[in-house]
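Report on the following structure.
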Amino acid sequence: MALRIASLLALGAVASSQLTAGGFVPYYTYTGDLAVSGTVGPMTTAGTTQTFYYQLDGVDTLCESGAGSAGNSCGIHIHAGRTCVDNALGHYYTGAVTTDPWTSIAYTATAAGTTSGSVTVDTGAASTTLEGLALIVHGYDGGRIACALLSDGVDSALQASAFVPYYTYTGSLAVSGVVGPMTTAGTTQTFSYTLVGADPACESGAGSAGNSCGIHIHTGTTCTDNALGHYYTGAVTTDPWTSVSYTSDSAGASSGSVTVDTGAGSGEVAGRAFIIHGYDGGRIGCAILGAATQVTLTADGFVPYYTYTGNLAVSGTVGPMTTVGTTQTFYYQLDGVDTLCESGAGSAGNSCGIHIHAGRTCVDNALGHYYTGAVTTDPWTSIAYTATAAGTTSGSVTVDTGAASTTLEGLALIVHGYDGGRIACALLSDGVDSALQASAFVPYYTYTGSLAVSGVVGPMTTAGTTQTFSYTLVGADPACESGAGSAGNSCGIHIHTGTTCTDNALGHYYTGAVTTDPWTSVSYTSDSAGASSGSVTVDTGAGSGEVAGRAFIIHGYDGGRIGCAILGATVASPPSYPPSLPPPSPPVGASIMQDPHMDLAHDGHADFRGKHKSLYKYLSTPGLSVNVLIEEALYTLHDGKLLVNGTYMTEVHVAALVEGSSQCKWAYVSYVASQLNGQNWGWSNVKGSCGGNEFKLGPNANRGCGGLHARVKMSTATITVAPFEGSTEAAPWKIVVHGDHVHDRVAGPEHRLDIELSYSPQSSAPLIAHGLIGQSFADPLPRFGRLDVYPEEGTFTTSAQAEGAIEGTADIYEVSSPFETDFTFSLFAGEPSRKAGTADAAKATCDKKLADELSDLEQQGKVLAIRPWFQAIKRSFQRAVAPPSVVARAASIEVRPGEGLMEAHRRLAEAALPRAAQSILLSARA
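This is the structure in structure tokens:
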């Protein structure tokens, strides 16, 4: 029997943390008069069972006799959402707990609306998994009346420094200084500030203009794009920032302190933009709020830079690196550096350099030297080491990067050779490799058997790039009693590359200097009941920070994936800005959000208005097409001060060719935003067809069709596609579509769609892709296009059409129907005339043996109208002669005058498209 046990192991804290929920706000749909306050917690965890205390005021007095008959009456429950200003989803439970444990949990109120007590409930989860979830208080009628987020009770102090000019500011003022430390009590922030370079016109205080001399937190999380309006949320419904301003001296210096209730905790404020306004109210300076505490950083575990092919092997340590203001001082002691640097740096740029770079990876492009804020000239050009004849070096460096230490964490530290080339790389970290743990097992998403793994993997510790972990499991595969069998991955216990247990977790994880799979021999041995324990040591080439967040897989005797977990740090820490990012490849991603703002693959950006009620080709790649409908809308920004005539995405249509029982078949999926209801979900918003068999997906449903799998969870649809394949086991493409309301809508559609596209390379072959978004995936360099610049108030019509980021003009990406695969740069059937010679180009004819057929046809002397295409494909594949049956089948295809064999394949494959496409579209819009 193919065993697929599984366990969504939430690799979380080894030591359970105590959580609390305070600072309650009305649930976002609640319109009554009750105002809950008080505290839930401390919440302690033993295994997967939580015990918490509560003491609350302002609850529903109708609960004086306890809960009524309504569902959730007088409930006090943890929910699966991580928000109080949007849908907090249903009750939270996971792992071995498959029946809702919250249905009987309720409070009893006094006549004064107070309540206190304790609750014990088994959620199936560790405490670190619960952190950040919503704690909901219900009324007597079961409605949600109040909400707070669970946290460890520690609100970190924040600060904003490294100011840069706001991205639309063109004046001469240059703000610098520090805002902070910013502390939070409940939902009230208090901060001091010391600034220079502010507006001298503010010497007498603020003027009459809106935001004059303002010093404000804004909703956005960027200083290089629109930072949106003032930030406030929850119970705070009136802008608290309108009266907050600074007074400067005649030179533009200013200091003071501010206290303001934003309705948010420090975790919700962290990462947002802090804006300094001029006397005229314009935005002049910007910095991102991050952790106020400077951290000490180190870089070790050096690996060869990913393009380096020489013999040097750098080892040693850079650090400790300390920060005073924005100036870093670090020490280094290294072996294996370039001996040509014995007399110091040469004339080549970066010769013998030891530099921080802007990238956060050692296995891809680490970008250029890192400096920011008030530092506008590269401070690294003169920084170099001097080597000994034995290739060792030591010393210290002091450099002003313009950045706080928390901003530097995770960046690449590069060692250069005498010729200036990059020879070695390590990532800066705080030097603490957290132990990891996995528990709360659930079945791997494809497992349908009866085994249920439970137990613990961990603690997992890291020394350099080597992980050591113990494990104690029950419910594993009893067939592993004699150890692993001959099947690949039999009885395996492995870290995988993916970061999910509810979708494809990809292959074994190893990186850097480790180029051979270290997991092939790693397995467990069980007893006859499926219990197993032991320990493993394996060199993955990665530090714990690179391992954290990845999937941990338990395999069965047949090698199938039966257990899964997400590796997490032992101690949850508040986010810093910018967050540490995983290596950018694989996968490569793009997102298109709101009034379409395009975050393109490889960190490019553009805005795109499109045309009302027009369909656009977002992605065209062999065997996969994504079309999107654009609709015009009117909405407001900046607290109603700005009326915008813009556009939103309202329909997404995916067409793919996937493998059927004997030949390829069509698979379609459509997401139509107009079918969402007022609660932002629906029964008819996602529909599709598999080989002509129609289906629709409700709010928690999924459907597979060969190499396409669609899954819906409330308002989010995830579509995974492996073109021309029979399963999504190694699917390279993922399309995630989020439905949402059009906020602050004046006219136009009530709902919009946001889209995320990601591509995970399954081979080293170059990617063939085009379309408005797709072309950025095929280009390794970022593409930057035109952006709309939104004023603070008045009226504004968007007009950017991604000029500069796309080939040609927007109109040539228009298509006539939802599932149309053809357009000017279509690659649905490959593009042999421009990028011939790839496996994908051949596959795109929906016949995996096309190369063999073409080889046989050539041997038979067939004359093809597409001979130039054929020659390129033949040279690349160099396949063996195909069997006579294949030749006969290929030769039997009708090739019309002026048409080549590949075009004939495509014509026949698309013959069924119009009827099916029309049927699905009409059904989706019904």
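In mature numbering (1 follows the signal peptide of the UniProt record, and there is no 0), the protein residues as written are -17 to -1, 1 to 909. Even glycine gets a Cβ: it sits at the ideal position worked out from N, Cα and C.
Sub-8 Å separation of residue i and residue j beta-carbons
i, j, result
"residue 589", "residue 768", "yes"
"residue 474", "residue 410", "no"
"residue 723", "residue 698", "yes"
"residue 917", "residue 185", "As shown, the chain starts at -17 and ends at 909. That puts residue 917 outside it, with no answer to give."
"residue 990", "residue 440", "Here the chain comprises residues numbered -17 to 909, so residue 990 is not present and cannot be evaluated."
"residue 592", "residue 782", "yes"
"residue 88", "residue 115", "no"
"residue 122", "residue 193", "no"
"residue 170", "residue 244", "yes"
"residue 102", "residue 35", "yes"
"residue 335", "residue 399", "yes"
"residue 215", "residue 190", "no"
"residue 33", "residue 151", "no"
"residue 476", "residue 505", "yes"
"residue 932", "residue 128", "Lying before the first or after the last residue shown, residue 932 is absent from the chain, which here runs from -17 to 909."
"residue 690", "residue 675", "no"
"residue 479", "residue 493", "no"
Those residues which DSSP pairs with residue i across a bridge
i, result
"residue 595", "According to DSSP, which records beta bridges pairwise, residue 595 is partnered with nothing at all."
"residue 196", "Paired residue(s): none; residue 196 is not in a bridge."
"residue 298", "318"
"residue 379", "314"
"residue 925", "Lying outside -17 to 909, the shown extent of the chain, residue 925 is not represented and no answer is given."
"residue 739", "574, 719"
"residue 797", "599"
"residue 255", "None, per the DSSP bridge assignment."
"residue 544", "538"
"residue 324", "Answer is none; residue 324 lacks a bridge partner."
"residue 522", "449"
"residue 238", "177"
Cut-off 7 Å between Cβ atoms - residues of its own chain near residue i, not counting five sequence neighbours on either side
i, result
"residue 485", "428"
"residue 810", "603, 604, 605, 751, 752, 753"
"residue 594", "613"
"residue 867", "Low per-residue confidence applies at residue 867: pLDDT is 33, beneath 50, and the placement is therefore not dependable, though the value from the model is reported in the following sentence. Once the five neighbours on either side are set aside, residue 867 has no close Cβ partner at all."
"residue 777", "625"
Cβ-based neighbour list, residue i, same chain, cut-off 6 Å, excluding 5 preceding and 5 following
i, result
"residue 874", "Residue placement at residue 874 is flagged as unreliable, the pLDDT there being 36, under the threshold of 50; a coordinate-derived value is accordingly withheld."
"residue 666", "681"
"residue 818", "Note that residue 818 scores a pLDDT of 30, beneath 50, so its modelled location is shaky; the value from the coordinates is reported in the next line. Cβ within range, chain order: 751."
"residue 669", "654, 680, 695, 700"
"residue 949", "What the structure shows of the chain is the stretch from -17 to 909, and residue 949 is not part of that stretch, so it cannot be assessed."
"residue 386", "145, 309, 355"
"residue 572", "741"
"residue 703", "692, 711, 714, 717"
"residue 984", "The requested residue 984 is not part of the displayed model; the chain covers only -17 to 909."
"residue 608", "638, 804, 811"
"residue 377", "316"
Contact set for residue i: own chain, Cβ-Cβ below 8 Å, skip 5 residues either direction
i, result
"residue 795", "806, 807, 808"
"residue 731", "614, 615, 616, 617, 618, 631, 725"
"residue 780", "627, 628, 629"
"residue 910", "With the chain covering -17 to 909 only, the question about residue 910 has no answer from this structure."
"residue 623", "727"
"residue -16", "Legend: pLDDT at residue -16 = 29, less than 50; position of this residue unreliable, value from coordinates given subsequently. Excluding positions up to five away in sequence, the list reads 432, 539, 541, 543."
Query raised in the report: Using 8 Å as the Cβ pair cut-off and three pairs as the minimum, do the segment 451 to 471 and the segment 313 to 331 touch?
Result: no
Query raised in the report: So does the segment 95 to 113 actually touch the segment 35 to 55, counting three or more Cβ pairs closer than 8 Å?
Result: yes
Query raised in the report: Should the segment 732 to 748 be regarded as contacting the segment 682 to 690, the criterion being three or more beta carbon pairs within less than 8 Å?
Result: no
Query raised in the report: Between the segment 244 to 263 and the segment 196 to 206, are three or more C-beta pairs nearer than 8 Å?
Result: yes
**Report entry** Segments of 3+ residues assigned as beta strand (DSSP E) that fall wholly inside the segment 426 to 488
**Finding:** 437 to 446, 449 to 457, 476 to 478
Query raised in the report: For the 8 Å Cβ check, are there 3 or more pairs between the segment 175 to 191 and the segment 142 to 161?
Result: yes
Query raised in the report: Which runs of the beta strand (DSSP E), 3 residues or longer, sit entirely within the segment 661 to 709?
Result: 669 to 673, 676 to 680, 683 to 688, 691 to 696, 699 to 704
Query - Sequence ranges, beta strand (DSSP E) only - wholly within the segment 585 to 655, length at least 3 - result: 587 to 590, 597 to 604, 607 to 620, 625 to 642, 647 to 655
Query raised in the report: On the three-pair Cβ rule with 8 Å, is the segment 59 to 75 touching the segment 11 to 23?
Result: yes
Query raised in the report: How do the segment 783 to 794 and the segment 573 to 588 stand: do at least 3 beta-carbon pairs fall below 8 Å, yes or no?
Result: yes
Requested in this report: List in chain order: all unbroken beta strand (DSSP E) runs of 3+ residues lying wholly within the segment 762 to 799.
Outcome: 777 to 780
Requested in this report: Flag this pair as touching only if the segment 285 to 293 and the segment 355 to 373 have three or more C-beta atom pairs under 8 Å; answer yes or no.
Outcome: no
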